[in-house]
Amino acid sequence: MRLIKLITSFALLFTFSCQSPWKQDETRTVAQYEHEDEEQKHANTFEKLMQAPTDAERSRNFANYLDRQRSFYYVAQQLLFDFDARLDVIYNKTQNGEQLTDEDINEFQKIRAQNLIAWEFSERNLHEMLDLYYLALKHANTEDSPYQKSTQWMVANVKKWIDEGWKKGDKSAIMNLAQNLHDVNEQIKSEFSTKVKAPSFKSYLNPSQAVLTEAYERSKWLVANRPKTHLDSFIEKEWSEYLQTRVIEPEQDFVNTKTDFLKNDFKLKKDFNLKNFTTPRTPQALDELYPSPDGKGHVTGNRFPMGKWAMTFDDGPNPTHTQGMVNNLKNNGVHGTFFWQTQNVLKYPAIPQTTSPLYSRASHSYTHANLPKQSSAGLDKEINRAVTDFAKIVGEKPTMFRCPYGACGPSGSAIRQMIAKNNMLHIAWNVDTLDWQDKNPESIFQRTKKQIDSLGRGIVLFHDIHPQSVIASDKVIKYLKSKYKVEPLHKLIEESRGKPYYTP
Ligand SMILES: [Zn+2]
1 MRLIKLITSF ALLFTFSCQS PWKQDETRTV AQYEHEDEEQ KHANTFEKLM QAPTDAERSR
61 NFANYLDRQR SFYYVAQQLL FDFDARLDVI YNKTQNGEQL TDEDINEFQK IRAQNLIAWE
121 FSERNLHEML DLYYLALKHA NTEDSPYQKS TQWMVANVKK WIDEGWKKGD KSAIMNLAQN
181 LHDVNEQIKS EFSTKVKAPS FKSYLNPSQA VLTEAYERSK WLVANRPKTH LDSFIEKEWS
241 EYLQTRVIEP EQDFVNTKTD FLKNDFKLKK DFNLKNFTTP RTPQALDELY PSPDGKGHVT
301 GNRFPMGKWA MTFDDGPNPT HTQGMVNNLK NNGVHGTFFW QTQNVLKYPA IPQTTSPLYS
361 RASHSYTHAN LPKQSSAGLD KEINRAVTDF AKIVGEKPTM FRCPYGACGP SGSAIRQMIA
421 KNNMLHIAWN VDTLDWQDKN PESIFQRTKK QIDSLGRGIV LFHDIHPQSV IASDKVIKYL
481 KSKYKVEPLH KLIEESRGKP YYTP
């Protein structure tokens with residue numbers, strides 16, 4: 001593995017150094033390009049943080065960021081529990097062959113959307129907090145920094161905050177934060193060649209199933225007794241705008257209203273069994289699936305042949321967990337599609353550069369920005385540049401794109417026009433594992449299984465950046481193999497449209 005990495009980095013170095021001077025400059029710009037606005041904003045916040053008169057005050061101010069992230073975590077947990085409760089209603093009814101009501105469907109759709117809104121908001125806060133931690137660590141390890149002593153104090157306090165939270169029994173949020181802080185530690189270690197001083201969060205990274213279960217029960221109590229935060233009001237506000245700005249219409253051959261669309265989702269009869277299922281999929285509009293800013297360019301998996309599933313993994317590549325996912329695919333003999341952020345493809349090029357019959361490589365924007373909120377320059381970066389810079393590493397442009405948080409705007413939006421112009425289909429999903437906000441592989445698996453059995457076909461969404469996702473996805477793949485079929489996403493697209501669809 002080490003040897004492969006070494007060869008890859010030499011190959012990369014060789015490629016870049018052999019290019020013309022103009023090309024070299026372009027390569028440098030690409031590396032610098034990521035997150036420049038956010039980075040600057042967070043650097044300013046860091047400077048402001050350092051202006052406080054005493055070390056104690058500076059540390060307390062930083063601890064406020066941790067506190068806030070912890071409280072957001074439990075807003076997301078509440079939505080997760082609500083999602084599971086709504087899913088249970090739908091699952092039980094479909095398993096008993098009962099008709100779903102409009103309320104069942106609307107409430108499920110609402111909770112699905114609110115989870116996406118919470119995700120986006122808490123991610124933004126998380127990144128701010130992690131950038132501040134990154135800067136604190138950097139200064140703590142820099143001899144000639146005027147902030148060295150203060151940041152060492154600060155970093156030690158982060159560790160104290162984490163340890164105290166754990167002792168108090170707040171295990172879910174702590175595990176979540178510790179994992180993220182650990183990733184920053186790893187990043188710093190890779191950047192500094194000398195001995196790095198960073199607190200270790202390793203003891204929180206691989207909890208036993210017993211700890212996970214205990215943490216899950218405890219977070220139920222914390223959710224029930226939590227104070228409201230401004231994330232709660234943000235969700236209310238965003239939700240009122242949601243239907244206008246975010247919802248993308250179903251694939252071409254579905255009936256018009258969202259409600260009918262979801263009814264179709266759940267039409268599946270009781271005791272579904274692939275072997276007994278002989279009726280072919282709805283045959284209309286077979287050819288009408290190609291890069292296009294309307295429903296013809298949009299895939300959810302709801303039109304796939306009954307019983308067939310595609311596995312997808314978003315947000316990586318990640319230095320650890322992407323390989324875990326690849327191992328899962330290999331061990332189970334199935335195919336998956338990775339939707340990667342270009343900023344991570346540039347950081348970790350080893351897997352993206354490797355072709356494999358086990359996976360396809362697709363795009364998930366440059367920096368995971370919320371696309372409907374971008375300026376035209378922002379969209380240019382998140383879609384056009386994401387694709388061209390992706391191709392510099394992968395060797396080919398992607399032919400499939402997934403909008404962060406599923407937010408692509410309505411039919412014909414500028415976002416969807418840009419995706420189509422780059423010759424890509426937009427790929428959504430119909431089964432959401434919510435693995436980003438659930439540390440417990442077993443509950444992720446149960447949530448996923450219920451959706452799979454309610455829908456009977458489609459696209460499963462996982463993330464290749466979390467340890468729990470690697471464990472849970474293995475369980476899901478094994479379950480799918482026992483009852484359904486797992487096929488390459490592009491093969492199912494081919495079957496749906498009746499002609500080939502190429503993907504790198
Ligand atoms: Zn994503």
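Numbering (this note's numbering), first residue to last: 1 to 504. Heads up, the beta-carbon is just placed ideally off N, CA and C, and yes, glycines get one too.
If you draw a straight line from the Cα of V89 to the Cα of K110, it comes to about 14 Å. In this structure, F401 sits away from T433, with a CB-CB distance that is not shorter than 9 Å. A residue is called buried when at least 16 other Cβ atoms come within 10 angstroms of its Cβ; T342 meets this threshold and is buried. By the CB criterion at 9 Å, V75 and A118 fall inside the cutoff.
Put simply, the residues with a CB less than 6 Å from any heavy atom of ligand 1 are D314, D315, H364, H368 and P404, in chain order. Per the coordinates, the alpha-carbon of N92 lies some 15 Å from the alpha-carbon of E103.
By the Cβ neighbour-count rule, T101 is exposed, with fewer than 16 other Cβ atoms within 10 Å of its own. Sixteen is the threshold: since fewer than 16 other Cβ atoms of the shown chains lie within 10 Å of the Cβ of D37, the residue is exposed. Cβ atoms of T367 and T503 stay farther apart than 8 Å, at about 22 Å. Between G169 and A310, the gap from beta carbon to beta carbon reaches 9 Å or more. Taking a contact to require three or more Cβ pairs closer than 8 Å, the segment 139-150 and the segment 200-209 do not qualify as touching. Assignment of H490 by DSSP, reduced to helix, strand and coil, places it in the helix class. Sequence-distant partners of D294 (beyond 5 residues in either direction) whose C-beta falls short of 7 Å from its own C-beta, in its chain, are S411 and G412. In terms of CA proximity to D82, R447 leads the group R447, P467 and Q468. For N125, the CB contacts under 7 Å within the same chain, skipping 5 residues up- and downstream, are R68, Q69 and F72 in chain order. DSSP places I419 in no beta strand (DSSP E) but in the uninterrupted alpha helix (DSSP H) bounded by A414 to K421. In summary, Q40 is exposed, with fewer than 16 beta-carbon neighbours lying within 10 Å of its beta-carbon over all protein chains present. As far as DSSP is concerned, H230 takes part in no beta bridge.
For A43, the three-state secondary structure derived from DSSP is helix. For L289, the three-state secondary structure derived from DSSP is coil. CA-CA distance, H298 to H364, rounds to 15 Å.
Less than 9 Å separates the beta-carbon of S360 from that of G336. The C-beta distance from H321 to I444 rounds to 14 Å, too long to fall under 8 Å, and the pair is not in contact. DSSP lists F338 as the bridge partner or partners of R361.
With a 10 Å radius around the Cβ and a threshold of 16 neighbouring Cβ atoms, W340 comes out buried.
Looking at the DSSP output, S356 sits in a beta bridge with Y359.
C-alpha of L346 to C-alpha of L492: approximately 29 Å in a straight line. Pairing K308 with K450 gives a Cβ-Cβ distance that is not under 9 Å. Comparing C-alpha distances from P319 to each of P467, Q437 and G406 shows the shortest one belongs to P467. Distance from the CA of E288 to the CA of K296, rounded to the nearest whole angstrom, comes to 6 Å.
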